[in-house]
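J.: For reference, each letter of the sequence shown is one residue, going 1 to 583 in UniProt numbering.
Virtual Cβ for every residue (Gly too), placed ideally from N, Cα, C.
Only a predicted model underlies this, so the values are computations on that prediction, with no experimental measurement involved.
One structure, pasted below without further comment.
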Amino acid sequence: MNDLRHLNKYFFKYKVRFLAGIFITIIAQFFTLYTPKLVGDSIRVLEHLSVIDANEVKSILLNNIFWILVTTLIAGFLTFLMRQTLIVMSRHIEFDLKNDIYEHYQKLSQSFYKKNRTGDLMNRISEDVGKVRQYVGPAVMYSINTLIRFVVVLIQMFIISPELTLYSLLPLPILAVFIFKLSNEINIKSGIFQQNLSKLSTYTQEIFSGIRVIKAYAIEDETQKEFKNLATESKEKNMSLAKSNALIGPLMILLIGISNLVVIFSGGLLYINGSISDIGVIAQFILYINMLTWPVASLGWISSMIQEAKASQKRINEFLNEVPEIVNKQSNHSVINGSIEFSNVSFTYEDTGINALKNVSFSVKKGETLAILGNTGSGKTTILSLISRLYDVDHGHIYIDKTPIEDLNLYDLRDHVAIVPQDAFLFSDSIQNNIKFGKIDATDEEIIAVAKQAAVHENIIRFKDGYKTVLGERGLTLSGGQKQRVSIARALIKKAPILLLDDSLSAVDTETEETILKNLLEFAKDTTTIIVTHRISAAKNADLILILDQGEVIQFGTHKDLLNKEGYYKELHNKQLAEKEIL
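Below you can see the structure in the form of structure tokens.
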């Protein structure tokens, strides 16, 4: 139960509902005791029918029937209140747990998402939380109900006949052994099933996200076969779990039936021997045993839910126990103007072991524009990730406004950085809302203004619904160039002091690129801008140009300075100039 201890804080949070549910359950059980007692009294009356007046017998029986109805209705109403109290509590806990997991997901570092798949993340916050909800709701409710009913009923049975009580409880040790063995089996099978379900969810999510590639390569049949294999494996694991669960219910009913036979047989012998004064006691005991039928039968179900919840909470805890690599060390707010300095910065990706940066040093003043060029894998994107503090450096220091980046408030830092990633990601929402993502309270005028700066306004107004056009998943409705320009508009509307463009003009033509860059120089003249690019046309107007090769700085200076030196920049300039002349 160690894995389920994490949930204790939620029980404490909703202690009023929890304790109220327990109190209502206790009261309900006392009312359920009246029915067997009244039935026993009625049989005793009928047993002595020869010595009691018929009218008096009729009056006693009618009175007993009336009170049986009243107590049953009260017990039923209290049981309803118990469910409303404890089951509603479980829904509150489910809500809190999902929010806590989601909040923790957002705190985890970039490397976590490289190691774990989206489908698995979704499965743990949905399917696994659903299993846990069964524990904090029905399992807890029926456990309390079973415990209290057992205590109340057994005390009453011992008061009436200790000897008959012991006989009727003989099958229970057998039941305990079976439950223990089945519980362990269910726990193992439940964990295996949830892991397999995560694989199925992950595969499905990836296939739907990449459906265009699937269709383009005409591999629908292959993916269908793979999905069928995973679904079949998941079904087999689920069927194996279901078979173990299915054994519990019939086993409980069988043992309860045996208990009834024991009561009838041993009770009859005790009545013959005179140890029991009247036959009504046997009737009472049969009713008491049957009152324990559902609680005893539910033990298996409860055990199954607890074991499944234990397996699911263990999976949830694996992620909740993940410690974010990037920690906010500053609680006070930080004011950021935009100057950036790298001092002998080195960085290696932990998951791949790639040494992305080696002793990189440069500085950019507030309002300046820096262009970064280099071959693929030279570390350009890594520099932008470090400025956003998606990772922490291994060696060296990064300073923002002469303050070490780790000493800045993490949330203020990211709030003051606008980034357009290499892979433009748009949400399945309207174009307007995608742009407003950079500034939630932006006006229509502001949205149109930045769209014009990003040279995408004319494209948007041609759509039937204009800015209200709802995009497909990941911006599927738009072309690659349009997605990049909407992403640029989203970054511009933020009006952050630091603007990072990660090869975000690669999908647009040269003419559009020049228009956007010209607009950027005017629109963001007081903004520190870093442009990662492969084109000289995008870099030539920058204040400074940084050339990287295999994580090292090989050239640094202005466009004019670098053209006067032999090296990568001059070679690239001449090559692209020649290509342009050919075109």
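So, with DSSP's three-state summary, where would you put Ser361?
T.: Reduced to three states, the DSSP call for Ser361 is strand.
J.: Would DSSP call Ile276 helix, strand or coil?
T.: Here Ile276 sits in coil by DSSP.
J.: Report back the beta-carbon spacing between Leu247 and Leu182 to the nearest angstrom; my notes put them in contact at under 8 Å.
T.: Their Cβ separation, rounded to whole angstroms, is 6 Å, which keeps Leu247 and Leu182 in contact under 8 Å.
J.: Identify the residues that DSSP records as bridge partners of His457: which are they?
T.: Its beta-bridge partners do not exist; DSSP assigns none.
J.: Within the 8 Å Cβ cut-off, does Asp41 reach chain B?
T.: Among the protein chains of the structure shown there is no chain B, as only one such chain exists.
J.: Starting from Asp549, trace the beta strand (DSSP E) both ways and give me its first and last residue.
T.: That run of the beta strand (DSSP E) goes Leu544 to Asp549.
J.: With the cut-off set at 8 Å, would you say Ile435 and Ala489 are in Cβ contact?
T.: A contact, by the Cβ cut-off of 8 Å.
J.: State the DSSP-derived secondary structure class of Asn317, mapped to helix, strand or coil.
T.: Looking at Asn317 - three-state DSSP - the assignment turns out to be helix.
J.: Under 8 Å by Cβ, that's how I've got Val345 and Leu544 pegged, so tell me the actual separation to the nearest angstrom.
T.: Not really, about 16 Å apart at Cβ, beyond 8 Å.
J.: Spell out a yes or no on whether the segment 53-71 and the segment 118-125 are touching, meaning 3 or more CB-CB pairs, one atom from each, closer than 8 Å.
T.: Not touching, per the Cβ criterion.
J.: Secondary structure at Leu287, three-state DSSP: helix, strand or coil?
T.: Reduced to three states, the DSSP call for Leu287 is helix.
J.: Quick check: what's the CA-CA separation for Asp441 versus Phe362?
T.: About 36 Å.
J.: Can you tell which of Phe319, Lys314, Ile286 and Leu164 has the C-alpha that lies nearest to the C-alpha of Tyr105?
T.: Among Phe319, Lys314, Ile286 and Leu164, the Cα nearest to that of Tyr105 is on Phe319.
J.: Could you compute how far the alpha carbon of Thr202 sits from the alpha carbon of Ile192?
T.: Roughly 16 Å between the two C-alpha positions.
J.: Are the segment 527-541 and the segment 440-460 in contact at 8 Å, needing three or more beta carbon pairs?
T.: No, because fewer than three Cβ pairs between the segment 527-541 and the segment 440-460 fall closer than 8 Å, the two stretches do not touch.
J.: Cα-Cα, which of Asn541, Ile516 and Lys575 is closest to Lys560?
T.: Selected option, being the one with the closest Cα: Asn541.
J.: Hey, could you find the ends of the beta strand (DSSP E) residue 612 is sitting in?
T.: Residue 612 cannot be examined here, being either before or after the span of the chain that is shown, 1 to 583.
J.: Can you name the start and end residues of the alpha helix (DSSP H) that Leu166 belongs to?
T.: Taken as a continuous stretch (DSSP letters only), the alpha helix (DSSP H) holding Leu166 covers Pro162 to Ser168.
J.: Answer yes if the segment 78-87 comes into contact with the segment 27-43, meaning at least three C-beta pairs across the two stretches below 8 Å, and no otherwise.
T.: Touching, per the Cβ criterion.
J.: Can you say whether Met239 is buried or exposed, counting buried as having 16 or more other CB atoms within 10 angstroms of its CB?
T.: So Met239 counts as exposed.
J.: Under 8 Å, do Val152 and Leu33 count as touching if we go by C-beta distance?
T.: Yes, they are a contact pair.
J.: If you draw a straight line from the C-alpha of Asp120 to the C-alpha of Tyr113, how long is it?
T.: About 11 Å.
J.: Is it the case that the segment 491-502 contacts the segment 420-428, given that we only count it when at least three CB pairs across the two stretches are under 8 Å?
T.: The answer is yes - the segment 491-502 touches the segment 420-428, with three or more Cβ pairs under 8 Å.
J.: Out of Arg83, Phe208 and Ile43, point me to the one whose CA is closest to Ile65's CA.
T.: When each option's Cα is compared against that of Ile65, the closest is Ile43.
J.: How far does the alpha helix (DSSP H) with Ala491 in it extend, from its first residue to its last?
T.: Segment Gly480 to Leu492, the alpha helix (DSSP H) holding Ala491.
J.: Residues bridged to His397 by DSSP?
T.: The partner list for His397 (beta bridge, DSSP) reads Ser343.
J.: Please classify Ser244 as buried or exposed, where buried requires at least 16 neighbouring CB atoms within 10 angstroms.
T.: Counting Cβ neighbours within 10 Å, Ser244 comes out buried, since at least 16 surround it.
J.: Look up Glu446 in the DSSP assignment and give the residues it is bridged to.
T.: Paired residue(s): none; Glu446 is not in a bridge.
J.: Can you give me the C-alpha to C-alpha distance between Asn260 and Tyr271, rounded to a whole angstrom?
T.: About 16 Å.
J.: Rounded to whole angstroms, what's the CA-CA distance from Asp41 to Ile258? Just pull it up for me.
T.: Going by the C-alpha atoms only, they are around 25 Å apart.
J.: Would Ser234 and Asn196 qualify as a contact pair, given that the criterion is a beta-carbon distance under 8 Å?
T.: Yes, the Cβ-Cβ distance between Ser234 and Asn196 is below 8 Å.
J.: Buried or exposed: Phe342, going by 16 or more other Cβ atoms within 10 Å of its Cβ?
T.: Buried, because 16 or more other Cβ atoms sit within 10 Å of the Cβ of Phe342.
J.: For the segment 566-578 against the segment 376-390, are there 3 or more C-beta pairs whose distance is under 8 Å?
T.: These segments do not touch.
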